[in-house]
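Reading the sequence shown from the start, the letters are residues -23 to -1, 1 to 310 in mature numbering (1 follows the signal peptide of the UniProt record, and there is no 0).
Heads up, the beta-carbon is just placed ideally off N, CA and C, and yes, glycines get one too.
Please read the structure below before turning to the comments.
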Amino acid sequence: MTARFTRNVLHSAIAGVSTLALASVSLSAVAQQAITVGHTTSDSSHYSVGVDAFKEKLEELSGGEFTVEEHPSGALGGERDMIEGLQIGTLDAVITSTGPLGNFVPETYVLDLPFLFQNYDQARCVLDGEIGQDLLAKVGEHDLVGLAWSENGFRHMTNSQRQIKTPEDAAGLKVRTMENEMHMAAFREMDVHPTPMAFPEVFTALQQGTVDGQENPIPVILTSNLWEVQDYLSLTGHVYSPAIMLASPILWEGLSEEEQGWFIEAAQAGAEATRAEVSRLETEGVEELKEKGMTVVEDIDKSMFQEAVEPSYKGYTDQYGSEMLDRIRNSDC
Ligand code: EAX
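The structure is reproduced here in structure tokens:
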């Protein structure tokens, strides 16, 4: 074989290899897909801890085929806006409380009833069991994809006017609530004036005195700096606030079965991390809020609040029946 021929063969082989290498590099660059995940709490919140864990697990399972872009602090709108965004495909995934979810999936309203769950273990047990899985399936019937139940936490009342020790102390206050008819009905039973509002508007509304108070779990009160505009915190724990990681059906339909499995496993990893952070902040966070100057009422007789809001259950069962409520109450969780 002449030297020239050998050289030509060599050159074309090198050219071939480099083209192939270039193609594989560009292919892998093209193949990597960034998944946008929105939520309303800050990038130091319990949801953000969950996004980090979701990202790590999804990148691991997909070998880098998928990566995650977090959009915290309501950058993409309130929870209701973002859920609507999933349905039309303007974002890929959301971590949201169930606050506005009942407007899309009425079956989940049962979870928002006050004092339904007595503690975290019971709530997590129900959501991770058959009842929770049935409700995730219901989410799938409403143009959304329920990836996993996450957690917001037990909600407590804050306000700028006075210490709340009894339902009577709360009467007359204008309190921001989520856009959730179960929560609003419960507050009306205490003669509180519920003012539904998307979370991104809450800090300013409190700062300007448009509302006197709001109610949220410790992690939200702490990491969204609500202590800057609220003087009093009462550990009412009046309702357990589930969170849920939702995906857009448009994203979902484009995934293979294997890829869908990766998303579910990664969402579960995220939920686990969020729950651990909620548990940590449920205790450490109260001390931090005291150090930031909040007056914290801890010795609350919850039975007084439970009795006051009990009549709101009738409104729920009149409209939605008691089947799911009975299942939860009779569960062995
Ligand atoms: O999900 O709107 C609320 O009060 C929620 O707790 C908040 O957006 C975190």
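Count the other C-beta atoms from every protein chain shown that fall within 10 angstroms of the C-beta of residue i, then say buried if there are 16 or more, exposed otherwise.
| i | result |
| --- | --- |
| D295 | exposed |
| R306 | exposed |
| residue 342 | This structure cannot speak to residue 342, because the chain is shown only from -23 to 310. |
| T200 | buried |
| S289 | buried |
| Y293 | buried |
| G270 | exposed |
| E254 | buried |
| Q95 | exposed |
| E56 | buried |
| A248 | buried |
Mind reading off the beta-carbon distance from residue i to residue j? Whole number of angstroms is fine, and I expect it under 8 angstroms.
| i | j | result |
| --- | --- | --- |
| Q26 | T181 | Note that residue 26 corresponds to Val in the displayed sequence, not to Gln. At roughly 26 angstroms, the Cβ-Cβ gap does not stay under 8 angstroms, so V26 and T181 are not in contact. |
| T260 | Y209 | Actually they are not in contact, since the Cβ atoms of T260 and Y209 sit about 20 angstroms apart, beyond 8 angstroms. |
| Q191 | R153 | 4 angstroms |
| E84 | L112 | 6 angstroms |
| P194 | G130 | 3 angstroms |
How about residue i: is its Cβ closer than 7 angstroms to a heavy atom in the ligand EAX?
| i | result |
| --- | --- |
| N193 | yes |
| F180 | no |
| V197 | yes |
| E56 | yes |
| M155 | yes |
| F164 | no |
| A220 | yes |
| G76 | yes |
| F81 | no |
| T67 | no |
| N202 | no |
| T17 | yes |
| N136 | no |
| F176 | yes |
| T44 | no |
With a threshold of 8 angstroms on Cβ separation, who are the neighbours of residue i within its own chain once the five nearest residues in sequence on each side are excluded?
| i | result |
| --- | --- |
| C102 | S308, C310 |
| L183 | S137, R153, G190, Q191, L203, V206, Q207 |
Could you pull out every residue in the same chain whose Cβ sits closer than 6 angstroms to the Cβ of residue i, ignoring the five residues on either side in sequence?
| i | result |
| --- | --- |
| V286 | P91, A163, E166 |
| L212 | H133, E275, I277 |
| Q283 | F92 |
| L228 | D69 |
| V28 | V14, E47 |
Closest by CA to residue i, which one among the options?
| i | options | result |
| --- | --- | --- |
| H16 | I108, V82, P77 | P77 |
| A224 | Q10, V14, H23, A8 | V14 |
| S22 | H215, I198, F31 | I198 |
| D189 | S218, I195, D69, D146 | D146 |
| N157 | N80, L258, R304, L232 | N80 |
| Y86 | V263, P219, K279, L258 | P219 |
| A30 | S256, E242, Y297, G298 | E242 |
| residue 314 | G123, G238, A248 | Since the displayed the chain opens at -23 and closes at 310, residue 314 lies outside it and no answer follows. |
| D303 | V82, G130, L88 | L88 |
| K142 | H215, G117, M174, G40 | H215 |
| V45 | M222, K32, G55, P171 | K32 |
With a CB to CB cut of under 7 angstroms and the five nearest residues on each side skipped, what residues in its chain are close to residue i?
| i | result |
| --- | --- |
| A(-21) | For A(-21), the predicted structure reports a pLDDT of 49, less than 50, and the residue's modelled location is therefore unreliable. A value from the coordinates is still provided. Result list for A(-21): empty, nothing under 7 angstroms. |
| K267 | V273 |
| Q245 | A125 |
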